[in-house]
Amino acid sequence: MNFTDYLQLFENILQDAEPKAPYSNPDYFNYTKLNWSRQQRWLKTGVIVEDIAAAVKNITTPQQWVIITEPWCGDAAHIVPFLHKIAALNPLITIDIQLRDTPPFLIEQYLTNGTRSIPKLIIRDRDGNDMAVWGPRPAECQVLYNRLKAEKADFERTKIELQQWYNEDKGKSLQAELLEVLAAVQKVTPA
Numbered sequence: 002m003n004f005t006d007y008l009q010l011f012e013n014i015l016q017d018a019e020p021k022a023p024y025s026n027p028d029y030f031n032y033t034k035l036n037w038s039r040q041q042r043w044l045k046t047g048v049i050v051e052d053i054a055a056a057v058k059n060i061t062t063p064q065q066w067v068i069i070t071e072p073w074c075g076d077a078a079h080i081v082p083f084l085h086k087i088a089a090l091n092p093l094i095t096i097d098i099q100l101r102d103t104p105p106f107l108i109e110q111y112l113t114n115g116t117r118s119i120p121k122l123i124i125r126d127r128d129g130n131d132m133a134v135w136g137p138r139p140a141e142c143q144v145l146y147n148r149l150k151a152e153k154a155d156f157e158r159t160k161i162e163l164q165q166w167y168n169e170d171k172g173k174s175l176q177a178e179l180l181e182v183l184a185a186v187q188k189v190t191p192a
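Residue numbers for the sequence shown, in the working numbering: 2 to 192.
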């Protein structure tokens, strides 16, 4: 689905009087509600840095950016809006959003240490060949997540500390890492 369809799916979940699983679980529904607000905030206030904007504008061959995500995913609420804004800078980039928990279960081909962690960005060339895979979160945020996991932090603490990290970072780490990914892709893209 494209980004507009993804936003509509998000809204449909939040407006459904009897949402389907997993959103029938109040916790998942509330995560989704929070994530909608976070996503909307980044769509309005997220700043794309000049380096990544220039790199994206210099892409001269079509690319498809496949984003594997789910509306309930907290990391995705902070990452997907930036990916959308960045891709929108070049009409040669199309976005295809795939849901992790819905067939064809594309995530099974892009596991992170054996887990179905999201979001994942797969950058493909015009022929559908994978050129790069990124995700599920910026490296510095992953270090924080791993530390919290090692400390056996409860879900509430983990959620709060990751949220604080994303709020302070403002998408800068994602953009710096994506810039490196795009630089590597440009070097291997056939002329």
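Built from N, CA and C at the ideal position, the CB exists for glycine as well.
Three Cβ pairs or more, each shorter than 8 Å: is that satisfied between the region 134 to 152 and the region 85 to 93? They do not touch, by the three-pair rule.
Less than 8 Å between C-beta atoms, sequence neighbours within five positions excluded: which residues of the same chain meet that for Ala54? Cβ-Cβ distances below 8 Å link Ala54 to Ile87, Leu90 in the same chain, with the five nearest sequence neighbours on each side left out; the list follows chain order.
Closer than 6 Å by C-beta to Val57: which residues in its own chain qualify, once you throw out the five before and the five after it? Chain order, please. Ile87, Leu90, Asn91.
By DSSP, does Leu90 sit in helix, in strand, or in coil? Here Leu90 carries a coil assignment [DSSP, helix/strand/coil].
Decide if Asn31 is buried, meaning its Cβ has at least 16 other Cβ atoms within 10 Å, or exposed. Asn31 is exposed by the Cβ-count criterion.
Chain B contact for Leu8 (CB, 7 Å cutoff): Going by chain labels, chain B is absent from the structure shown, which holds only one protein chain.
Measuring alpha carbon to alpha carbon, tell me which of Pro23, Tyr29, Trp37 ends up nearest Ile80. Nearest C-alpha to Ile80 among Pro23, Tyr29, Trp37: Trp37.
Pick from Pro63, Trp166, Thr103, Leu183: whose alpha carbon is nearest that of Met2? Selected option, being the one with the closest Cα: Thr103.
Any contact of the region 159 to 175 with the region 57 to 73, i.e. 3+ C-beta pairs under 8 Å? Using a Cβ-Cβ distance cut-off of 8 Å, the region 159 to 175 and the region 57 to 73 are not in contact, since fewer than three pairs of beta carbons, one from each stretch, lie closer than that value.
At a cut of 8 Å, does the region 168 to 186 reach the region 102 to 117 through at least three beta carbon pairs? These segments do not touch.
Can you tell me whether DSSP reads Thr122 as helix, strand or coil? Per the sequence shown, residue 122 should be read as Leu rather than Thr. Reduced to three states, the DSSP call for Leu122 is strand.
Suppose contacts are defined by Cβ-Cβ distances below 7 Å. Is Gly172 in contact with Gly47 by that definition? A contact, by the Cβ cut-off of 7 Å.
Can you name the start and end residues of the beta strand (DSSP E) that Val134 belongs to? Per DSSP, Val134 is one residue of the beta strand (DSSP E) stretching across 131 to 135.
Buried or exposed (CB count within 10 angstroms, at least 16 for buried), Lys21: Lys21 sits exposed, since fewer than 16 C-beta atoms from the chains shown fall within 10 Å of its C-beta.
Would you grab the beta carbon distance between Ile14 and Tyr7 for me? Rounded to a whole angstrom, and I think it's under 8 Å. The C-beta distance from Ile14 to Tyr7 rounds to 11 Å, too long to fall under 8 Å, and the pair is not in contact.
Going by beta carbon distance, what residues of the same chain come within less than 7 Å of Arg127, once the five residues before and after it are set aside? Contacts found: Thr62, Pro63.
In three-state DSSP terms, what is Ile60? Per DSSP, reduced to three states, the secondary structure at Ile60 is coil, with no helix or strand assignment.
Are the CB atoms of Trp135 and Val186 nearer to each other than 7 Å? For the pair Trp135 and Val186, the CB atoms are not nearer than the 7 Å cut-off.
Residue span of the alpha helix (DSSP H) that contains Trp166, given as start and end: Start and end: 156 to 170.
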